[in-house]
Structures are given as C-alpha cells and as structure tokens.
Amino acid sequence: MRLFSFLCRECIIFKKERMSKMKMQLPIPNQLIYWHSLNKRAALTQKQKKYYENIKKGFAGEKIWYSWLNELSQEVIILHDLTFIHNTSAIQIDFLCIFEKSMIAFEVKNYKGEVHVEGDRWKSGAGNEINNPLLQYLRSKSLLSPFLKNLKVNLPLEYYIVFVNPEFFPYQLPYSKHVILPQQLKRFWSHLNQMSSVLGGKHEEIKKLILKQKEQYQSQTVPCEWTDLKKGVSCPICDGLMIKRKRTVCCGQCDKSLSLDKAILYNIKELELVFPKIKISTNLVYEWCGCEIDKRVVYRVLKNNFKHLGNNKNRYYVREE
Ligand SMILES: [Zn+2]
C-alpha cells in the first residue's frame, strides 16, 4: 500500500497502460490534509468539525469511485481534485478523465440514508433540509464547457454526478441519464469500459494545458496563531499523535508505525498548508513535531528533499519546482 503517494503529487496523473495492472492509491487532497492537521492541533468549532467530517466523507466516496475508474481496461488519464477559475467563478471537479475521443467529468457524492426530493429541495429522512447536490453539479457543468472551449480543448465533454454509497435511497428523484445511482454503478462502469481508447501526444498536451490552469483553492480556512496550535508528530491515518521509537515513530491511537523520514515529510506538508507563507527551517519543523524527532534527522530530511535558500543563520527550505 502506498500511503505517501500524496507527498509526490496532489492530483493524480495516470495513464493506464494496456495490459498493465498497475494500481495507485488516490492522493489525499491538500484541503483534507489541512483540516486533518487542524482537527488535532487546534480547537475547532462544532461547525468546523462538521465541515471536516463532510470533506472526509466526500474523499471516502471519491476513493470508491476511483477504485472503479482504476479498473477500466482502456487507456485513460485520470485527473483528480481540480479547481479552476473561470470569469471569477470557481469550478471544482472531483475527476476529469481524458479518453481518446472524449472527456468525462465526474462529481462524486457519498450521501447515505433516505432523501426525499421535492423539486429543487432535498430533505433527509428526518425531514431536515439538506444541500441539493444537483444544483452544484449543474453549476459546475455550465462553467466547465466554456472553460475548456477557451483553452481550445476540442474533445466532446460529458459530465456525470455519481452517488457511490449503496445505502443511499433517494425518493422522487427525477430520472436523468447523467445521474448515476449506486445500483447503476456496475452497468455504468461497463458502459465506460466498452469505449475504445488509445491515447497519444495530443492527450498529453490537453492534460498539461488543464493542469496549468489548476488553482490552489481552500474554500474555508481557520485563522491560526503558531502558539495556539498543539505541536507533535501528526499521524496521517488517524487523529492521533506519534511517539518516537528508535528509527520509527508509532501512533499512540491507531498503532501505525512510520519511518522518521515519511513522518517528517507528512508533517512538513501539514505545516505548509496551515501556514502557507511560513519559511520552513530545521528549528521550525523540529518544534512543529513537538521536539519528538532529533533535530539532526529533521535537518537531513530537509536537506535531502528540499532546496535551501538563505545563509547559514537564516537558512530555509523550499520545494524544488
Ligand atoms: Zn494513527
């Protein structure tokens, strides 16, 4: 299992090779790493905790749909977690797949339980009004086509909203061929799998063009002071902190153990997302990790994975482009 694929790339670029059964884990989006960190380091409000739970649930749904996409037998480029700005409006897309003759975007929803649909209003089984995901989907759909046209991408575009949770029961949901319910996943997947697709240089160019437009986007952030945040080695799997044991760190909550390098790299990623403008130095990372890992190890990891700037006293590290 590749736990750390997110350290290399935040959005997946994956061309399936014919006959290859290569599997990749879906990289964790930056937004989720950000909230994962703050959930254990800061005192979040109930509303913020709920927001974090929702994006966690959303990502769990995306992983389910990704596991289906990953099983497609033809060549396809799968882009994940994209945000673009088009005419001052943000477009967020869960997956954009580039096939030989078309592009398909997917909005993934992990809704669970009964939902009653009355026109544009969605209500939970308990009668509470909930967000109508079709409105968000329709909005993104109407923005994505002109955005791609602007880029002179001329492959036809289709857009689907996919509900992946088998325990989702919508009542009175009008039929649309672009809304895929859990019971239809297998048939829909078979339909996708029947399209023939062989990719070439043109598709690579489209991928590059699209990724160039990608924006870093945080829909919500929490104002943070360094001194207010709990320091320690954050576990990437659960909400626990990790304790040093010889050459590894081990999570006090889920028992996961990691090499020091991987743990430091993950915690630097959190640090960069929580404080995007901060200068990364050995002392800073050492303190962020709760002084749990030897400063010399932190220095070595920084030296091996980042580019250093500044003189000896004010040395700081940046990611190599
Ligand atoms: Zn853990």
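Take 1 as the starting number for the sequence shown in UniProt numbering and just add one per residue. Virtual Cβ for every residue (Gly too), placed ideally from N, Cα, C.
Report the residue from the options whose alpha carbon sits nearest the alpha carbon of residue i.
{"i": "Leu273", "options": "Leu199, Gly252, Lys212 and Gln31", "result": "Gln31"}
{"i": "residue 329", "options": "Ile130, Gln184 and Met242", "result": "Coverage of the chain is limited to positions 1 through 321, which leaves residue 329 absent and any answer about it impossible."}
{"i": "Ser219", "options": "Asn54, Met24 and Pro27", "result": "Asn54"}
{"i": "Gly232", "options": "Pro223, Glu287 and Thr221", "result": "Glu287"}
{"i": "Phe95", "options": "Leu69, Val117, Asn150 and Asn87", "result": "Leu69"}
{"i": "Ala43", "options": "Glu321, Asn304 and Pro223", "result": "Pro223"}
{"i": "residue 326", "options": "Gln194, Ser190 and Ile278", "result": "Nothing can be reported for residue 326, as the shown portion of the chain is limited to 1 through 321."}
{"i": "Thr45", "options": "Asp255, Asn128, Glu204 and Thr221", "result": "Thr221"}
{"i": "Ile56", "options": "Ser190, Glu204, Val108 and Asn128", "result": "Here the sequence assigns Lys to residue 56, which means Ile is not the residue at that position. Looking at the Cα atoms, Val108 is the closest of the given residues."}
{"i": "Lys101", "options": "Asn87, Lys202 and Pro174", "result": "Lys202"}
{"i": "Met24", "options": "Lys246, Cys251, Gln194 and Tyr66", "result": "Tyr66"}
Among the residues of its own chain, which have a CB less than 7 Å from the CB of residue i, if the five just before and after it don't count?
{"i": "Ala60", "result": "Asn110"}
{"i": "Asn154", "result": "none"}
{"i": "Lys63", "result": "Leu26"}
{"i": "Leu192", "result": "Leu72"}
{"i": "Asn312", "result": "none"}
{"i": "Ser89", "result": "Leu143"}
{"i": "Asp239", "result": "Asn39, Lys40 and Gln253"}
{"i": "Asp228", "result": "Ala42"}
{"i": "Cys235", "result": "Leu241, Met242, Cys251, Gln253, Cys254 and Lys256"}
Grouping DSSP H, G and I as helix and E and B as strand, with all else coil, what is residue i?
{"i": "Leu26", "result": "coil"}
{"i": "Asp261", "result": "helix"}
{"i": "Met1", "result": "Summary for Met1: the model assigns pLDDT 31, below 50, so the residue's position carries little reliability; its value from the coordinates is reported in the next sentence. In this structure, Met1 counts as coil in the three-state DSSP scheme."}
{"i": "Ser234", "result": "strand"}
{"i": "Lys21", "result": "Only weak support exists for where Lys21 lies, its pLDDT of 41 falling under 50; the coordinates are left without a value."}
{"i": "Phe106", "result": "strand"}
{"i": "Gly310", "result": "coil"}
{"i": "Leu241", "result": "strand"}
{"i": "Val318", "result": "strand"}
{"i": "Ser190", "result": "helix"}
{"i": "Ser281", "result": "coil"}
{"i": "Ile91", "result": "strand"}
{"i": "Cys8", "result": "Confidence at Cys8 is low in this model, with a pLDDT of 36, below 50, so its placement is unreliable and no value can be given for it."}
{"i": "Glu292", "result": "coil"}
{"i": "Thr221", "result": "coil"}
{"i": "His116", "result": "strand"}
{"i": "Arg247", "result": "coil"}
{"i": "Ser73", "result": "coil"}
{"i": "His36", "result": "helix"}
Please work out which residues of its chain come closer than 6 Å, Cβ to Cβ, to residue i, disregarding the five sequence neighbours upstream and downstream, and give them in chain order.
{"i": "Trp122", "result": "Val115, Ile130 and Asn132"}
{"i": "Ile104", "result": "Cys97 and Glu158"}
{"i": "Gln172", "result": "Val117"}
{"i": "Tyr52", "result": "Trp35 and Asn39"}
{"i": "Phe188", "result": "Ile180"}
{"i": "Gly310", "result": "Tyr316"}
{"i": "Pro166", "result": "Pro182"}
{"i": "Arg300", "result": "none"}
I'd like to check one pair, residue j with residue i: are the Cβ atoms closer than 8 Å?
{"i": "Leu260", "j": "Val249", "result": "yes"}
{"i": "Ser196", "j": "Gln48", "result": "no"}
{"i": "Phe168", "j": "Pro156", "result": "no"}
{"i": "Leu199", "j": "Ile161", "result": "no"}
{"i": "Ile293", "j": "Lys262", "result": "no"}
{"i": "Leu151", "j": "Leu209", "result": "yes"}
{"i": "Leu185", "j": "Val164", "result": "yes"}
{"i": "Phe147", "j": "Phe84", "result": "yes"}
{"i": "Lys214", "j": "Leu82", "result": "yes"}
{"i": "Gln92", "j": "Ser145", "result": "no"}
{"i": "Val125", "j": "Gly113", "result": "Looking at the sequence shown, residue 125 is not Val but Gly. In contact: Gly125 and Gly113 (Cβ atoms closer than 8 Å)."}
{"i": "Ile237", "j": "Lys212", "result": "no"}
With a threshold of 8 Å on Cβ separation, who are the neighbours of residue i within its own chain once the five nearest residues in sequence on each side are excluded?
{"i": "Ile280", "result": "Ile268, Leu271, Glu272, Leu302, Phe306, Tyr316, Tyr317 and Val318"}
{"i": "Val298", "result": "Ile264, Thr282, Val285, Tyr286 and Cys289"}
{"i": "Lys207", "result": "Ile13, Ile77, Leu79 and Ile98"}
{"i": "Glu320", "result": "Phe306 and Lys307"}
Could you check whether the Cβ of residue i sits closer than 7 Å to any heavy atom belonging to ligand 3?
{"i": "Asn70", "result": "Ligand 3 is not among the ligands present in this structure, which contains only ligand 1."}
Is the shortest distance between the beta-carbon of residue i and the beta-carbons of chain C less than 8 Å?
{"i": "Ser257", "result": "Looking at the structure shown, chain C is missing, and only one protein chain is on hand."}
- Residues whose Cβ lies closer than 5 Å to any heavy atom of ligand 1, in chain order: What you get when you keep residues with a C-beta closer than 5 Å to any heavy atom of ligand 1 is Cys235, Ile237, Cys238, Gly240, Cys251, Gln253, Cys254 and Lys256.
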